[in-house]
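Numbering (our numbering), first residue to last: 6 to 649. Here a beta-carbon is modelled for each residue, glycine too, at the ideal position from N, C-alpha and C. Predicted model, so just to flag it, every value in this text is computed and none were measured.
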């Protein structure tokens, strides 16, 4: 099967490479080394009903969005667009979720890298708060101090399943930067969130040949924010705010604005491109007695998204902050960040929601992270060197079931990208407390075997996973898997299952007797591969290997050299070997371009002599992948009966 797929691709053609973007600046944070993350069978610090299945290491990951596209063969392929700190946008093929492969990207320096994707457009946000350098090369040409967004064109190679990228333009956010941005589902405009004193939502008009900052939605007009002669027009609402993140209703007419310390604002933006907006309602942060000592109140309104049916709004409180915090973010009253649920329509069987509308929201309650006991982090010595021995555990980026990048439903119906969870479930990141899976259909219950925090008044915990070293920025479900952007671990992939604690570990498939070899026709020579799928699709590589499991002993070695990219792989240990018929699979760890301990998996198929139809595929833990058919050489898979 492997050879049939790759061979068909070769017949269609070989082409494509990722275009370089702006030059890189160093990342603003440091990730754990791949060597630390590649040991098979890593045990989570705490877990329930969620198992870790894959990791792409070696970079600081932040936000994630998704698309699905048809390739030239008609097959649906799934992609994750991952923001980073310092290396720009990375695009992964996640059609095989347990082996993500880099298939494109845009090299762009800067901080945070919030990502939006719609059709063939990607947006990367840069915020100059806290550290420098923090923005892209394009933005630096427009301002030495302000941030904004890069708008990038995506060109999809349907033959190879890869992406090329090119900068369309960048848009400056005068007086601040782009902490987040959200593409309107129509594709006509982009909302840029800039949280600060008298902050703003900048409206970028995307209808013309070039993006234009058209309007600035702001509470109070000032010379600094709305200077005379500005190229944009200020829409003054009279409500001072610090917009952190926005999302939209299914019809796109309503915008939900999480405004940090200035409440959460629901706004009619039907006519925003004509310069008119209307505040529908304001949900106050301080909505219960007792101020911040009451966990029912909000310190930092961080994200506000509406459920797929439009009836429930979730507002998260990133209490204590996350990036610089080195404790579990409990204040002197023991209060930690939480998820706050508000009804925007009557909920059957819930009396307090009678009369609920977007203009008159009714509070359902809030969910507090249960704070389970965590095992000692095995990466503590490495994390100490990074200055991240402890990470915050407050709530961060989430995705509701049935929602896409802008709100309910797909941001574009032809590209999917929507969470497949039910519309009363969500996945959410918690920095040093990993990823969490919640149900928000009703009040809490501990009869399901999971003890909720006694302060929780709405919602139930379904599962979680806290991997060693976790500092998780985002967690979003797509097609049955949860993808997490992590600042120390890179990109992590999880799936749901019934498990508890140390039982939430993927058990490696037992090795089976057999032997596989591959190389040139001359002993010691290397085979040549036409790469028709993966990171370097369209190129060529050389490889040689032997791997076997005999009399209970694993042995073997692998050499792989990508001719165009210069990727050089030399195995150091073989961890498993399995075969079935003419196919074989082996895993291990390798030194990759001088970096030790990078995990790999190799799959091969032997379709007879002299080897020209044979197929080879390799996926590295750093995200590199290559699959193709042999141009020279041979692969042989020998049954156990032929072993000495």
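Tell me the residue span of the beta strand (DSSP E) that contains residue 188.
For the purposes of this step, residue 188 is taken as residue 183 along the chain shown, with counting starting at 1. Taken as a continuous stretch (DSSP letters only), the beta strand (DSSP E) holding residue 188 covers 185 to 188.
I need the straight-line Cα distance from residue 383 to residue 478, nearest angstrom please.
Stepping through the chain shown from its first residue, residue 383 is reached at position 378. Stepping through the chain shown from its first residue, residue 478 is reached at position 473. Distance between the alpha carbons of residue 383 and residue 478 is about 20 Å.
CB residue 221 to CB residue 210, shorter than 8 Å?
Indexing the chain shown from 1 puts residue 221 at position 216. Indexing the chain shown from 1 puts residue 210 at position 205. Not closer than 8 Å, so no.
Using a 10 Å radius around the Cβ and a threshold of 16 neighbouring Cβ atoms, would you call residue 304 buried or exposed?
Residue numbering aside, residue 304 sits at position 299 when the chain shown is read from its first letter. So residue 304 ends up on the buried side.
CB-CB under 7 Å to residue 300, same chain, minus the five flanking residues each way: which ones, in chain order?
The count along the chain shown starts at 1 and reaches residue 300 at position 295. 340, 343, 371, 373 and 460, listed in sequence order.
Which residues does DSSP pair with residue 367 in a beta bridge?
Walking along the chain shown from the start, residue 367 turns up at place 362. Answer is 348, bridged to residue 367.
With DSSP collapsed to three states, give me the class of residue 626.
Working through the chain shown from its first residue, we reach residue 626 at position 621. DSSP places residue 626 in coil when its eight states are reduced to three.
Between the Cα of residue 423 and those of 600, 485 and 325, spot the shortest distance and give me the residue it belongs to.
In the chain shown, counting from the first residue as 1, residue 423 sits at position 418. Out of 600, 485 and 325, 485 has the C-alpha closest to the C-alpha of residue 423.
Assign residue 450 to buried or exposed, taking buried as 16 or more other Cβ atoms, counted over all protein chains shown, within 10 Å of its Cβ.
By 1-based counting over the chain shown, the position of residue 450 is 445. Label assigned to residue 450: exposed.
Given residue 453, which residues of its chain have a CB within under 6 Å of its CB, disregarding the five upstream and five downstream residues?
Indexing the chain shown from 1 puts residue 453 at position 448. Closer than 6 Å at the Cβ level, and outside the excluded window around residue 453, lies no residue.
Buried versus exposed, by CB contacts within 10 Å (16 or more), residue 162
Here residue 162 corresponds to residue number 157 of the chain shown, with the count starting at 1. Classification for residue 162: buried.
From the DSSP output, which residues share a beta bridge with residue 36?
Reading the chain shown from its first residue, position 31 is the one you call residue 36. Its beta-bridge partners do not exist; DSSP assigns none.
Residue 153 classed as buried or exposed, judged by whether at least 16 other C-beta atoms fall within 10 angstroms:
Along the chain shown, read from residue 1 onward, the residue named residue 153 stands at position 148. It counts as buried.
Throw me the rounded Cβ distance for the residue 507 and residue 432 pair, which I believe falls under 8 Å.
The sequence position of residue 507 within the chain shown is 502, counting from 1. The sequence position of residue 432 within the chain shown is 427, counting from 1. No, residue 507 and residue 432 are not in contact; Cβ-Cβ is about 22 Å, not under 8 Å.
When the Cα atoms are used, what is the spatial distance from residue 642 to residue 76?
Numbered from 1 along the chain shown, position 637 holds the residue referred to as residue 642. Numbered from 1 along the chain shown, position 71 holds the residue referred to as residue 76. Distance between the alpha carbons of residue 642 and residue 76: 30 Å.
Secondary structure of residue 114, DSSP reduced to three states:
The residue you call residue 114 lines up with position 109 of the chain shown. The answer is coil: DSSP assigns residue 114 none of H, G, I, E or B.
Within a Cβ cutoff of 8 Å, which residues of the same chain sit near residue 58, ignoring the five residues on either side of it in sequence?
Along the chain shown, read from residue 1 onward, the residue named residue 58 stands at position 53. Cβ within range, chain order: 102, 103, 486, 498, 499, 500 and 511.
Residue from 99, 206 and 143 with nearest C-alpha to residue 114:
Translated into the one-based positions of the chain shown, residue 114 becomes position 109. The candidate whose alpha carbon is nearest that of residue 114 is 143.
Exposed or buried, which one is residue 117 when buried takes at least 16 other CB atoms within 10 Å?
In the chain shown, residue 117 corresponds to position 112, counting from 1. That one is buried.
List the whole-angstrom C-beta distance separating residue 416 from residue 425, where the pair is believed to meet the contact cut-off of C-beta under 8 Å.
Mapped onto the chain shown, residue 416 falls at position 411. Mapped onto the chain shown, residue 425 falls at position 420. Residue 416 to residue 425, Cβ: 15 Å. No contact.
Would you decide whether residue 489 is buried or exposed? Buried here means 16 or more other CB atoms lie within 10 Å of its CB.
Indexing the chain shown from 1 puts residue 489 at position 484. It is buried - the Cβ of residue 489 has at least 16 other Cβ atoms within 10 Å.
Alpha carbons only, please: which of 442, 229 and 190 is nearest the one belonging to residue 212?
To locate residue 212, count along the chain shown from 1; it is residue 207. It is 190.
Cβ separation of residue 197 and residue 157, assumed to be a contact under 8 Å, to the nearest whole Å
Stepping through the chain shown from its first residue, residue 197 is reached at position 192. Stepping through the chain shown from its first residue, residue 157 is reached at position 152. Not quite, the Cβ-Cβ distance comes to about 15 Å (not below 8 Å), so this is no contact.
When the Cβ atoms of the region 534 to 549 are set against those of the region 628 to 640, are three or more pairs found closer than 8 Å?
yes
Could you have a look at residue 606 and say whether DSSP puts it in helix, strand or coil?
To locate residue 606, count along the chain shown from 1; it is residue 601. Looking at residue 606 - three-state DSSP - the assignment turns out to be strand.
Could you tell me which residues DSSP pairs with residue 307 in its beta bridges?
Here residue 307 refers to the residue found at position 302 when the chain shown is read from its first residue. Per DSSP, none; premise fails for residue 307.
Using DSSP with H/G/I as helix, E/B as strand and the rest coil, what is residue 484?
In the chain shown, the residue the question calls residue 484 occupies position 479. Three-state DSSP puts residue 484 in coil, outside helix and strand.
Roughly how far, in whole angstroms, is the beta-carbon of residue 491 from the beta-carbon of residue 66, given that I think they are within contact range, below 8 Å?
The count along the chain shown starts at 1 and reaches residue 491 at position 486. The count along the chain shown starts at 1 and reaches residue 66 at position 61. Correct: roughly 6 Å between the Cβ atoms.
On a Cα-Cα basis, can you pick out the residue from 62, 434, 520 and 494 that is closest to residue 557?
Here residue 557 refers to the residue found at position 552 of the chain shown. Ranking the options by Cα distance to residue 557, first place goes to 520.
Nearest-angstrom Cα distance between residue 107 and residue 302?
For the purposes of this step, residue 107 is taken as residue 102 along the chain shown, with counting starting at 1. For the purposes of this step, residue 302 is taken as residue 297 along the chain shown, with counting starting at 1. About 42 Å.
What does the alpha-carbon distance come out to for the pair residue 387 and residue 37?
As a working mapping, residue 387 is identified with position 382 in the chain shown. As a working mapping, residue 37 is identified with position 32 in the chain shown. Whole-angstrom Cα-Cα distance: 7 Å.
Which runs of the beta strand (DSSP E) at least 3 residues long sit entirely within the region 403 to 451? Give them in chain order.
403 to 405, 430 to 434 and 440 to 444
Integer-rounded CB distance, given that residue 606 should sit under 8 Å from residue 563
Counting from one through the chain shown, the residue named residue 563 turns up at place 558. Counting from one through the chain shown, the residue named residue 606 turns up at place 601. That pair is no contact at about 11 Å.
Residue 578: buried (16+ other C-beta within 10 angstroms of its C-beta) or exposed?
Counting from 1 along the chain shown, the entry for residue 578 is found at position 573. Counting Cβ neighbours within 10 Å, residue 578 comes out exposed, since fewer than 16 surround it.
DSSP bridge partner residues for residue 129 (one or two, in chain order)
Along the chain shown, read from residue 1 onward, the residue named residue 129 stands at position 124. DSSP, once it has assigned bridges, lists 120 and 155 as partnering residue 129.
Under 8 Å between C-beta atoms of residue 473 and residue 315
As a first step, residue 473 is located in the chain shown; it is residue number 468 there, counting from the start. As a first step, residue 315 is located in the chain shown; it is residue number 310 there, counting from the start. The answer is no: Cβ separation not under 8 Å.
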